[in-house]
Amino acid sequence: MARGDQTKVHFKGKDEDFIIFIDDVKTANDWKTDKSKPLAQVVSAFKVFVTHKAPLLWKILFHRKLTGYPRHGAQGNLDTASTATLENEFGTSVVEDVIKTIIEKGTIQETEPSNKQFASKNDNMGSRIAH
1 MARGDQTKVH FKGKDEDFII FIDDVKTAND WKTDKSKPLA QVVSAFKVFV THKAPLLWKI
61 LFHRKLTGYP RHGAQGNLDT ASTATLENEF GTSVVEDVIK TIIEKGTIQE TEPSNKQFAS
121 KNDNMGSRIA H
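Have a look at this one:
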């Protein structure tokens, strides 16, 4: 994987959206057909991330399913998924088993950074440039 590239797998759960990072699409697809390959060769890290669907205050105030609250999908702030969240969604808190399920049932999303070497926004800064 080249520097700056990110390949992630997004799994839309009942209550949360789950994200894992993988090394590349080909390796993940190969693992789907041949599960004898070590999972360590597929994933970037043995961590499962979650994009919170709704703030805790929303859940407390409305005491109901969060049908009207928008999801972040594969975007937004990522937090490490708690053991309870994994248990509620996948029936297990074993990270390896959860990662396998996410790779099998999730959507692979590959992003590439722009080709710009520098992210300069305003090269002409007038008198602020030292001469």
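The numbering of the sequence shown is full-length UniProt numbering, which starts it at 1 and goes up by one. Quick reminder that beta carbons are idealized off the backbone N, C-alpha and C, glycines included.
Using a Cβ-Cβ cut-off of 6 Å (strictly less than) and excluding sequence neighbours within five positions of residue i, which residues of its own chain qualify?
i: E89; result: G13
i: T83; result: S93
i: A81; result: V48, V50
Residue range of the alpha helix (DSSP H) that residue i falls in?
i: F90; result: 83-90
i: V95; result: 95-105
Does the distance from the CB of residue i to the CB of residue j come in under 8 Å?
i: V43; j: I19; result: no
i: D17; j: V50; result: yes
i: F46; j: I108; result: no
i: residue 148; j: V25; result: Residue numbering for the chain in the displayed model covers 1 to 131; residue 148 lies beyond these limits and cannot be assessed.
Excluding the five sequence neighbours on either side, which residues of its own chain have a C-beta within less than 7 Å of the C-beta of residue i, listed in chain order?
i: K37; result: D30, W31
i: T27; result: Q41, V42
Only counting the same chain, and skipping five residues up and downstream in sequence, which positions put a Cβ closer than 8 Å to that of residue i?
i: T101; result: F11, F90
query = What residue ranges within the region 14-52 form continuous beta strand (DSSP E) runs of no fewer than 3 residues, ordered along the chain?
reply = Listed in chain order, the complete beta strand (DSSP E) runs (minimum 3 residues) inside the region 14-52 are 17-22, 49-51.
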